[in-house]
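Residue numbers (the numbering used here): 39 to 392.
Beta carbons: idealized from backbone N, C-alpha and C, even for Gly.
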Amino acid sequence: MHDAHIHRYFEEHGAGHRDAAATREKRTWAVVALTAVMMVAELAVGTWSGSLALFADGVHMATHVGAIGLTAIAYRLARHWSKHEAFTFGTGKVYSLSGYTSALALALAALWMCGEAIMRLLSPSPIHFEEALPVAVIGLVVNLASAKLLHFTEGHGHDHHGHGHGHDHAHGHGHDDHEHGHAHHEHEHEHAHTKSPAQGQTHEPRHAHKHDPNLRAAYLHVLADALTSVLAIVAIFAGRYFGITVLDPLMGIVGAAIILHWSWGLCQSAARQLLDVAPSVADTRTIREDLEAIDDVRVADLHLWELGPGERGCIVKIVTASPRSAAYYRDVIKAKVAISHLTVEVHHCEEEHP
């Protein structure tokens with residue numbers, strides 16, 4: 039076998055988002071630095087001025103410095119271990135684990151906020167509004183700049199390989215036509231030049247969403263900071279010019295409720311990836327229906343799961359009395375659904391299905 043042909047059959051998991059991860063890591067560290075500077079300022083001024091809204095914003099920034107720092111570390115670890123043989127499907131789940139952890143940290147910070155706000159309602163203390171307002175405004179500007187950095191990264195990441203690894207180079211070397219008694223197996227990972235009806239279709243396959251729970255966690259942490267900054271500004275302004283001091287702790291409760299809602303949504307999405315929940319029931323149904331529409335094919339086993347941002351894995355076991363090449367079935371699947379790692383196993387059954 040010639041090396042020029044052999045290399046086409048080898049897959050490199052996670053290659054599609056390594057460059058994007060490097061870009062996101064740099065921008066995330068920049069956000070960590072911005073947030074840390076503002077955190078120190080808000081904690082100091084919030085403590086001195088007596089503004090709970092401002093102090094709560096500073097505490098949130100402290101937790102977010104750690105959480106966003108975790109996001110950057112996750113990118114570094116995922117890139118460092120991406121080629122390690124222990125990670126058989128790549129390091130995409132590192133992002134899910136980091137996102138889930140950050141979501142829990144965000145929820146805990148919101149609960150702390152709520153507790154502090156209730157204590158302030160029960161035991162009010164004076165607030166130095168004039169000193170607290172400028173710091174809150176500066177904090178909002180920093181948060182918006184950080185959100186811009188992370189949002190740009192999310193929208194313009196270099197996930198060019200989200201739909202696959204580009205290794206559609208199979209040469210039809212599977213031996214489907216050889217009957218070996220009860221059954222035979224074929225594993226062709228996206229490698230085939232065998233013609234199939236799917237190759238003549240013009241529609242594009244449905245691509246996997248490139249949602250990165252790791253980046254989304256950092257983005258939500260920054261948005262939470264921006265939200266508490268806005269609420270702090272409203273509370274300080276109302277207290278300074280209208281004497282409505284009770285608004286300060288009330289805004290803390292409102293902010294905590296919104297942040298808890300955000301963290302719950304992130305926690306759910308990250309947990310689904312960690313537990314290998316099928317990313318799309320519709321795609322799973324499409325794969326099964328398209329395959330079973332061919333001859334007498336029956337899908338005996340089907341697994342579809344997320345490997346990482348924009349990447350999916352799929353394993354299909356087919357039983358048929360008239361087997362075709364695994365490459366043929368692979369083309370049928372990929373005509374409708376974009377999959378990064380695809381394994382097709384074909385079993386030859388002696389008798390046709392009724």
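Residue i by DSSP, collapsed to three states: which one?
i	result
Ala359	coil
His385	strand
Val375	strand
Gly346	strand
Leu288	helix
Leu26	No information on residue 26 is available, as it lies outside the stretch 39 to 392 that the chain covers here.
His213	Caution applies to His213, whose pLDDT of 39 falls short of 50 and renders its modelled position unreliable; the value that the coordinates give is listed next. If DSSP states are grouped into helix, strand and coil, His213 belongs with coil.
Lys121	coil
Phe127	coil
His166	coil
His225	Note on His225: pLDDT 45, under 50, position unreliable in the model; no value is reported.
Leu88	Per the sequence shown, residue 88 should be read as Gly rather than Leu. Here Gly88 sits in coil by DSSP.
Ala82	helix
Thr283	coil
Asp397	Shown here, the chain extends from 39 to 392; a query on residue 397 therefore has no answer.
Could you pull the DSSP bridge partners for residue i from this structure?
i	result
Asp339	Lys355
Leu380	Cys352
On a CA-only basis, which of the options is nearest residue i? Give me that one, please.
i	options	result
Ala376	Trp343, Ala71 and Val384	Trp343
Glu168	Ala276, Ser161 and Ser184	Ala276
Ala316	Cys305, Cys352 and Val335	Cys352
Gly411	Ala74, Gly346 and Leu108	Nothing about residue 411 can be read from this structure; the chain reaches only from 39 to 392.
Val260	Met157, Val292 and Ser140	Ser140
Trp300	Leu269, Val292, Val75 and Leu258	Leu258
Ile325	Glu123, Lys372 and Thr101	Lys372
Arg117	Gly96, Arg62, Leu160 and Ser87	Arg62
Gly293	Ala124, Ile356, Cys152 and Ala100	Cys152
Gly177	Val78, Pro162, His166 and Trp86	Val78
Glu154	Ala71, Thr66, Phe93 and Ala359	Phe93
Thr73	Met99, Gln311, Leu304 and Val268	Met99
Quick check: the Cα distance between residue i and residue j, rounded to an integer number of angstroms?
i	j	result
Gly84	Ser134	34 Å
Tyr138	Ala273	31 Å
Ile271	Ala174	6 Å
Asp250	Thr266	24 Å
Glu80	Asp369	57 Å
Arg114	Thr283	45 Å
His385	His379	20 Å
His189	Asp263	15 Å
Arg158	Thr381	59 Å
Arg298	Ile332	What sits at residue 298 in the sequence shown is Leu, not Arg. Those two C-alpha atoms are separated by around 48 Å.
Check your understanding: Is the segment 305 to 320 close to the segment 105 to 118, with three or more CB pairs under 8 Å?
Key -> no
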